[in-house]
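Asker:
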Amino acid sequence: MRGVVARSLGAGHHLVKKLDDNSYSLGFFSSSTPDSAFRDAFTSGVRRACAYIDAAVYELELMQGEDDPVDERAFDAELWDHVRGLVETDDWDKIPSTVCTFVEDKVRTWADMGTDTYGKGLYGAAMGDAGELRMGKGKGEWEGWRALGIGYAQAIGNVDRHRLQRRSDARRYAIGVLGLGSLLLTQLRYEHQDLIEEREART
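Using numbering that gives the first Met the number 0, the first residue of the sequence shown is number 0, and each one after it goes up by one.
This is the structure:
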C-alpha cells in the first residue's frame, strides 16, 4: 500500500512519510513483557496505517478533477510539441526544467546572443529598455515583462534545473510553469514576429 500511495500522491507526500515512520511493534520491551503487548502494538500500527490510507484515498478523491486532459491549444504550439512526450507519460517532475531550458534557448536565439549569456542576464539584456525583445508600449510595461522573464529564470529555472523537486502537486506546478513559459513565448511572437522569423531562418 505504501508503494501505491507513493505512486498516486508522489514520493514526497507527507502521508508516504507517515507510512514509512509507522511502527508496528513496541519501542521498549523486556523478557517480562507479555505477548499481548506485542499484539496490541501491532494492532495499533495497523490501525494507524489504515487511517493514513483512508486519508490518501480522500486526497485522491479531491484530486479527481485534475485527471482532466491538458488542453494543448492553451499553450505555445512549439513548446507543447517539445514537452508532449513528458505530459503523455506523466513525467511532471521533468517538465519545469525542460520548459525553462526551451524558453531560454528561444530567447537566446531570437535575441541573437551567445551561450555565455543565460538566466537573469539573458532576460535582462534581451528584454531591456534597449533590448531587441523589449515588450510593451511604455517603460512600465517594458519593466514588467522584463521582470517577469528575470523572475522566471530565478524563481523557477534556478530551482528546477539545479535540484530535483519531490512535490505532491507536481502536475499542477508543471502546468503552471508551462503556462508562464507559454505566455512569454506568445507575447514575444506577437510583438516581434518578423524578427523571430528572421532569426529562426538562420538556425
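From the three backbone atoms N, C-alpha and C, an ideal C-beta is built for every residue, glycine too.
Out of Val4, Asp75 and Ser22, state which residue places its alpha-carbon closest to the alpha-carbon of Phe41.
Answerer: Here residue 41 refers to the residue found at position 42 of the sequence shown. For the residues Val4, Asp75 and Ser22, the minimum Cα distance to Phe41 belongs to Ser22.
Asker: Does Ala36 pass the burial test, meaning 16 or more other C-beta atoms within 10 Å, or should it be called exposed?
Answerer: Against the sequence shown, residue 36 aligns to sequence position 37. Its Cβ having fewer than 16 others within 10 Å, Ala36 is exposed.
Asker: When the Cα atoms are used, what is the spatial distance from Tyr189 to Leu18?
Answerer: To locate residue 189, count along the sequence shown from 1; it is residue 190. To locate residue 18, count along the sequence shown from 1; it is residue 19. The alpha-carbon atoms of Tyr189 and Leu18 are separated by roughly 50 Å.
Asker: Identify, in the order they occur along the chain, each residue of the same chain with its Cβ nearer than 8 Å to the Cβ of Thr97, setting aside the five sequence neighbours on each side.
Answerer: Taking the first residue of the sequence shown as 1, we reach residue 97 at position 98. Around Thr97: His81, Val82 and Leu85.
Asker: Starting from Trp91, trace the alpha helix (DSSP H) in both directions and tell me its first and last residue.
Answerer: Indexing the sequence shown from 1 puts residue 91 at position 92. Where Trp91 is concerned, there is no enclosing alpha helix (DSSP H), given that its DSSP letter is neither H nor E.
Asker: From Asp75 to Leu179, what does the alpha carbon distance come to, in whole angstroms?
Answerer: Against the sequence shown, residue 75 aligns to sequence position 76. Against the sequence shown, residue 179 aligns to sequence position 180. Each residue's Cα considered, the two are about 10 Å apart.
Asker: In whole angstroms, give me the CA-to-CA distance for Tyr172 and Asp90.
Answerer: Looking up residue 172 in the sequence shown gives position 173. Looking up residue 90 in the sequence shown gives position 91. Rounded to whole angstroms, Tyr172 to Asp90 spans 12 Å at the Cα level.
Asker: Is it buried or exposed for Arg46, if we count other Cβ within 10 angstroms and need 16 for buried?
Answerer: As a first step, residue 46 must be located in the sequence shown, where it is residue number 47. Exposed, because fewer than 16 other Cβ atoms sit within 10 Å of the Cβ of Arg46.
Asker: Touch check for the stretch 122-129 and the stretch 138-152: three-plus C-beta pairs under 8 Å?
Answerer: Result yes; three or more Cβ-Cβ pairs closer than 8 Å.
Asker: Tyr117 by DSSP, collapsed to three states: which one?
Answerer: On the sequence shown, residue 117 is found 118 positions in, with the first residue counted as 1. Tyr117: coil per DSSP, three-state reduction.
Asker: Does DSSP put Arg83 in a helix, a strand or coil?
Answerer: By one-based count along the sequence shown, residue 83 stands at place 84. The answer is helix: DSSP assigns Arg83 an H, G or I state.
Asker: Once the 5 residues before and after His12 are set aside, which same chain residues still bring their CB inside 6 Å of it?
Answerer: Residue mapping note: residue 12 aligns to position 13 of the sequence shown, counting from 1. Answer for His12: Ser167, listed in chain order.
Asker: So for Tyr23, helix, strand or coil by DSSP?
Answerer: Within the sequence shown, residue 23 is the residue found at index 24, counting from 1. Reduced to three states, the DSSP call for Tyr23 is coil.
Asker: Short of 7 Å in beta carbon distance, which residues of its chain neighbour Lys119, apart from the five on each side in sequence? Order them along the chain.
Answerer: Residue 119 sits at position 120 when you count from the first residue of the sequence shown. Cβ neighbours of Lys119 beyond the five flanking positions: Ile149, Ala152 and Gln153.
Asker: Rounded to the nearest angstrom, what separates Glu199 and Thr108 at their Cα positions?
Answerer: In the sequence shown, residue 199 corresponds to position 200, counting from 1. In the sequence shown, residue 108 corresponds to position 109, counting from 1. Between Glu199 and Thr108, the C-alpha separation is close to 7 Å.
Asker: Using DSSP with H/G/I as helix, E/B as strand and the rest coil, what is His12?
Answerer: For this step, residue 12 is matched to residue 13 along the sequence shown. Coil, per DSSP.
Asker: State the start and end residues of the unbroken alpha helix (DSSP H) segment that holds Leu184.
Answerer: Working through the sequence shown from its first residue, we reach residue 184 at position 185. Per DSSP, Leu184 belongs to the alpha helix (DSSP H) from Ala169 to Glu190.
Asker: Quick one: what's got a C-beta closer than 8 Å to Val69's C-beta in the same chain, skipping five residues either side?
Answerer: Position 70 of the sequence shown, counting from 1, holds the residue named residue 69. Same-chain partners within the cutoff: Val86 and Ile174.
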